[in-house]
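Take a look at the structure set out below.
In the numbering used here, the protein residues as written are 21 to 731.
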């Protein structure tokens, strides 16, 4: 111990000496305590090494070996590395318990498991507006606010002057009138909003082809589940996110989401809100506040009258210091004019729905009254779209359709061309005796004829041949082709099928009824053209089949050029397909013409078939000359100058061999002055969205594009 007094008496030199000793002691003690603390903490944290290791593995997605996150990474984020690790498309299909050939099992239990694991194919929409929303919207009207203010002043002054018993009449009456106007307006708008929601559900209920249990089925887009094998054809909307299994001349337009279109290469991997489209559409709400031209004009008129009323009321207030009841009553009545129009149009929508006419835009009820021209497709609109093969020509002879009367070698070639060059399918019924056909009406008609009349066995043909390349049917070429290899001898064959005049132009020879190949010279070609024109004049759609055996090097050429040979083919035969007119069409056309509405039929059929159908429907008279300008082909119309189109378009009644782009050209309002053109059908190809630019929006349930909700 050191005495304090002694420290106080020390000199500076001795003081520094003691201070250094104290500092050294302090540092030593502090470092010792720190080291002991570190040792204790280290001992407490070091644990003995266990003799086993426990890992927490997340459970699998139900009974499936792949989860939603992995599928999203593969498809939406396009992480092909993960797809390769899983085992490619086959690995994903195996994980989803899907067969690439027969699809999912499709039973109720299987569908329920997939719904539980991956959700359903519906997307969330913004919540529907409640009636309270429309009440608030009605209160935002300036005239309503002025009326409420005037009613409050009138009620206050009336009670002050005449007492509560007699002074509330004027102000209370105005309050009641305003309440009625707001109630009727809110209820009407609320019901209209509900009606639009119902129409939206109907229009979005698109039908899609899937394979379940080995069979192609036609189901609603909302019933698609993860693992489904979806069959897409030209014009179809891709119903969900997925992986492509096989494609022939396939192009997917993703421009509505990505701004670009690209060729791609469908096993469903995501549905509903898990898809890119679902997430985008969940934030989209339809424009349900659109006003018709009449409503716009009425709003301007009521606004002008309202301003005059306000001016008169202000002058009266200045002169008499009272609010005249007349202008207020006028304001209330004016407010009901647009409401009356809305109620009338909404009632018209409901009545039209009973006639299978869906009104997508309220304004269409009004603008349709101004339409002077109706452009309509043929197939499925003027006709029933229930097709059947009624004629078959082998060479230049009409056959009875039975395979026994045709040379067997020709029958085998026709079997190959029908079974392998088709987008349809054939299934045997449960009894094994009946057949089920799927595909487009034309494909079903040809398959039915080949199986029932020509005794074709499609399964046997598919076992004996390998499809190497397919050139799909499109509306420009109006034909489809396939390159196949026969497994028995490895020979290559090209088969074409399509519009008869298109296929005939590709042929240099033909088989006669006895199976002998003959050259197709100019005279023979003219005879075939007369046969085709004769079938077309009988309202038959003429389809031709052609074949060519090619060298082994053709496979490499096709892979490089992505195109089949189109020259020096051999004509196998011609079939005539009948599509009867829809009952009542002729009377409907006559009624329209009597009312001053022109009818234009726009179809992809040839001139002679189009003319025969137009005469049968009453669009043309039997004696009308084809050279008078009433009938034109799509290519000819396309090559007109804008001035020629404007000059000739009003005279045209039938446009044959038209592509979707020709149809849009006909509808272009720049080329048809002063015409409002409703179009009820056609356009299952990319130009569909452009139809939104045309005023009328009334669609019939019989039309394919409309029922799919393409626009």
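Glycine included, every Cβ here is placed at the ideal spot set by N, Cα and C. Because the structure is a prediction, the values reported are computed rather than measured.
Where residue 602 sits in the DSSP three-state scheme = Residue numbering aside, residue 602 sits at position 582 when the chain shown is read from its first letter. If DSSP states are grouped into helix, strand and coil, residue 602 belongs with coil.
Residue span of the beta strand (DSSP E) that contains residue 561, given as start and end = Indexing the chain shown from 1 puts residue 561 at position 541. Per DSSP, the continuous beta strand (DSSP E) segment holding residue 561 begins and ends at 560-570.
Span separating the alpha-carbon of residue 537 from that of residue 527 = Here residue 537 refers to the residue found at position 517 when the chain shown is read from its first residue. Here residue 527 refers to the residue found at position 507 when the chain shown is read from its first residue. The alpha-carbon atoms of residue 537 and residue 527 are separated by roughly 12 Å.
Please state whether DSSP places residue 9 in a helix, a strand or coil.
-> Summary: the structure shown does not reach residue 9, with the chain confined to residues 21 through 731, and so no result is reported for it.
Nearest CA to the CA of residue 465: which residue from 562, 130 and 623?
-> Numbered from 1 along the chain shown, position 445 holds the residue referred to as residue 465. Selection 562, 130 and 623 evaluated against residue 465 yields 562 as nearest (Cα-Cα).
Does the count of Cβ pairs from the stretch 470-481 and the stretch 441-455 closer than 8 Å reach three?
-> Short answer: they touch.
Residue 152 - containing alpha helix (DSSP H), residue span | Walking along the chain shown from the start, residue 152 turns up at place 132. For residue 152, the enclosing alpha helix (DSSP H) covers residues 151-159.
Below 7 Å between beta carbons: does that hold for residue 627 and residue 676?
-> Here residue 627 refers to the residue found at position 607 of the chain shown. Here residue 676 refers to the residue found at position 656 of the chain shown. Their beta carbons are under 7 Å apart, which means residue 627 touches residue 676 by this criterion.
Have a look at the DSSP bridge pairing and note the partners of residue 539.
-> Position 519 of the chain shown, counted from the start, is the residue given in the question as residue 539. Paired residue(s): 529.
Can you name the start and end residues of the alpha helix (DSSP H) that residue 685 belongs to?
-> Residue 685 sits at position 665 when you count from the first residue of the chain shown. Note, residue 685: alpha helix (DSSP H), 680-687.
Is the CB-CB distance between residue 228 and residue 241 below 7 Å?
-> Locating residue 228 in the chain shown gives position 208, counting from the first residue. Locating residue 241 in the chain shown gives position 221, counting from the first residue. Taking 7 Å as the Cβ cut-off, residue 228 and residue 241 qualify as a contacting pair.
Does DSSP put residue 641 in a helix, a strand or coil?
-> Within the chain shown, residue 641 is the residue found at index 621, counting from 1. In this structure, residue 641 counts as coil in the three-state DSSP scheme.
Return the chain-ordered list of same chain residues with a C-beta closer than 7 Å to the C-beta of residue 487, the five sequence neighbours on each side being excluded.
-> For the purposes of this step, residue 487 is taken as the residue at position 467 of the chain shown. Same-chain partners within the cutoff: 440, 502 and 504.
Give me the Cα-Cα distance between residue 203 and residue 155, rounded to the nearest whole angstrom.
-> On the chain shown, position 183 is the one that residue 203 refers to. On the chain shown, position 135 is the one that residue 155 refers to. Cα to Cα, residue 203 sits roughly 7 Å from residue 155.
Excluding five sequence neighbours on each side, which residues of the same chain lie with their C-beta closer than 8 Å to the C-beta of residue 237?
-> Start at 1 with the first residue of the chain shown, and residue 237 comes out as number 217. So the qualifying residues of the chain are 126, 229, 230 and 231.
Residues of its chain near residue 345, where Cβ-Cβ distance is below 8 Å and the 5 sequence neighbours each way are ignored | Along the chain shown, read from residue 1 onward, the residue named residue 345 stands at position 325. The pLDDT assigned to residue 345 is 49, lower than 50, so where the model puts this residue is not dependable; a value taken from the coordinates is nonetheless given after this. Counting only Cβ-Cβ distances below 8 Å, and skipping sequence neighbours, we find 190.
Which residues mark the beginning and the end of the beta strand (DSSP E) in which residue 227 is found?
-> Within the chain shown, residue 227 is the residue found at index 207, counting from 1. Here the beta strand (DSSP E) through residue 227 covers 227-232.
Assign residue 476 to one of three DSSP states: helix, strand, or coil.
-> As a working mapping, residue 476 is identified with position 456 in the chain shown. The answer is coil: DSSP assigns residue 476 none of H, G, I, E or B.
Neighbourhood of residue 652 by C-beta, 7 Å cutoff - its chain only, sequence neighbours within 5 removed | Looking up residue 652 in the chain shown gives position 632. The residues are 672 and 675.
Give me the Cα-Cα distance between residue 364 and residue 210, rounded to the nearest whole angstrom.
-> Position 344 of the chain shown holds residue 364. Position 190 of the chain shown holds residue 210. When rounded, the distance between both Cα atoms is 15 Å.
For residue 500, which of helix, strand or coil comes out of DSSP?
-> By one-based count along the chain shown, residue 500 stands at place 480. Under the three-state reduction of DSSP, residue 500 is assigned to strand.
Residue 110 versus 249, 152, 174 and 134, residue with shortest Cα-Cα distance = The residue given as residue 110 occupies position 90 in the chain shown. Ranking 249, 152, 174 and 134 by Cα distance to residue 110 puts 249 first.
Going by DSSP, name the residue or residues bridged to residue 513.
-> Start at 1 with the first residue of the chain shown, and residue 513 comes out as number 493. Its beta-bridge partners are 504 and 569.
Beta-carbon separation of residue 598 and residue 408 under 7 Å?
-> Indexing the chain shown from 1 puts residue 598 at position 578. Indexing the chain shown from 1 puts residue 408 at position 388. With contacts defined as CB atoms closer than 7 Å, residue 598 and residue 408 qualify as a contacting pair.
Supposed close pair residue 608, residue 621 - CB separation, criterion 8 Å = To locate residue 608, count along the chain shown from 1; it is residue 588. To locate residue 621, count along the chain shown from 1; it is residue 601. Actually they are not in contact, since the Cβ atoms of residue 608 and residue 621 sit about 13 Å apart, beyond 8 Å.
Would you check if the distance between the CB atom of residue 416 and the CB atom of residue 543 is smaller than 7 Å?
-> In the chain shown, the residue the question calls residue 416 occupies position 396. In the chain shown, the residue the question calls residue 543 occupies position 523. Not in contact: residue 416 and residue 543 (Cβ atoms no closer than 7 Å).
Count the other CB atoms, across all protein chains shown, that sit within 10 Å of the CB of residue 428; report buried if there are 16 or more and exposed otherwise.
-> Position 408 of the chain shown holds residue 428. Residue burial is scored here from C-beta neighbours: residue 428 has fewer than 16 other C-beta atoms within 10 angstroms and is therefore classed as exposed.
When DSSP labels each residue in this structure, what does residue 622 get in the three-state scheme?
-> The count along the chain shown starts at 1 and reaches residue 622 at position 602. Here residue 622 sits in strand by DSSP.
So, using beta-carbon positions, are residue 405 and residue 461 closer together than 7 Å?
-> In the chain shown, residue 405 corresponds to position 385, counting from 1. In the chain shown, residue 461 corresponds to position 441, counting from 1. Here residue 405 is near residue 461, since their CB atoms are less than 7 Å apart.
Please name the residue, chosen from 146, 444 and 655, that lies closest to residue 496 on a Cα-to-Cα basis.
-> Sequence index remark: in the chain shown, residue 496 carries index 476 (1-based). Of all alpha-carbon atoms in 146, 444 and 655, the one lying nearest the alpha-carbon of residue 496 is that of 655.
When 215, 611 and 158 are compared against residue 371, the one with the closest alpha-carbon = As a position in the chain shown, residue 371 is number 351, starting the count at 1. Considering only alpha carbons, the answer is 215.
Where residue 417 sits in the DSSP three-state scheme | On the chain shown, residue 417 is found 397 positions in, with the first residue counted as 1. DSSP places residue 417 in strand when its eight states are reduced to three.
Going by the beta-carbon positions, is the gap between residue 589 and residue 615 smaller than 7 Å?
-> Working through the chain shown from its first residue, we reach residue 589 at position 569. Working through the chain shown from its first residue, we reach residue 615 at position 595. For residue 589 and residue 615, no; Cβs fall outside 7 Å.
Taking Cβ to Cβ, would you say residue 624 is nearer than 7 Å to residue 410?
-> In the chain shown, the residue the question calls residue 624 occupies position 604. In the chain shown, the residue the question calls residue 410 occupies position 390. The beta carbons of residue 624 and residue 410 sit no closer together than 7 Å.
Who pairs with residue 448 in a beta bridge, going by DSSP?
-> The count along the chain shown starts at 1 and reaches residue 448 at position 428. Residue 448 is bridged to 455.
Assuming residue 629 contacts residue 559 (C-beta within less than 8 Å), just tell me the rounded distance between them.
-> Here residue 629 refers to the residue found at position 609 when the chain shown is read from its first residue. Here residue 559 refers to the residue found at position 539 when the chain shown is read from its first residue. About 7 Å separates the two Cβ atoms, so the contact holds.
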